[in-house]
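This report concerns only the one structure given below.
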Amino acid sequence: MHPNKPLKNLFYKNNASLTYLNQHIGLVHDAVIENVTKILACGTAVFGSRKYASSNNNCTHTKYIHQTCKSRACNSSCIKATERWVQTQQHVLPDCEW
1 MHPNKPLKNL
11 FYKNNASLTY
21 LNQHIGLVHD
31 AVIENVTKIL
41 ACGTAVFGSR
51 KYASSNNNCT
61 HTKYIHQTCK
71 SRACNSSCIK
81 ATERWVQTQQ
91 HVLPDCEW
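Structure, rendered in structure tokens:
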């Protein structure tokens with residue numbers, strides 16, 4: 001399973017997304033299929049990766065960071081965008097306790 005990725009776990013558990021899709025062929029919009037596919041591939045090498053390595057030639061450690069899918073439906077991708085949006089909107093909100 002995918003720790004800290006509950007939405008991805010939900011789609012993968014017992015092949016839930018494929019089972020639902022097969023039972024509802026023709027009823028699921030293409031945009032939904034596209035976004036679910038992106039969510040399932042998010043954080044994998046499908047969308048590209050960045051390689052980080054030490055500048056020390058004696059160090060052999062390497063780390064790959066996989067890109068996110070950038071889908072608005074994906075909680076992994078849009079959380080940073082949401083946080084940025086909230087920061088830019090702070091001036092609109094009243095200065096009080098919530």
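Numbering (full-length UniProt numbering), first residue to last: 1 to 98.
Note that CB positions come from ideal geometry on N, CA and C, so glycine has one too.
- Under the DSSP assignment, Ser17 falls in the alpha helix (DSSP H) whose first and last residues are Ala16 to Gln23.
- Restricting attention to Gln87, Asn75 and Ala41, the CA atom closest to the CA of Tyr12 is found in Ala41.
- Closest option to Ser17, judged by alpha-carbon separation, among Glu97, Ala45 and Val36: Val36.
- A distance of 8 Å or more separates the beta carbons of Phe47 and His24.
- Between Cys74 and Ile33, the gap from beta carbon to beta carbon reaches 8 Å or more.
- A distance of 8 Å or more separates the beta carbons of Thr68 and Ser55.
- Under the rule that a run must span 4 or more residues, the alpha helix (DSSP H) segments found entirely inside the stretch 18-89 read 30-41 and 75-89.
- Straight across, the Cα-Cα distance linking Lys63 with Thr44 is about 13 Å.
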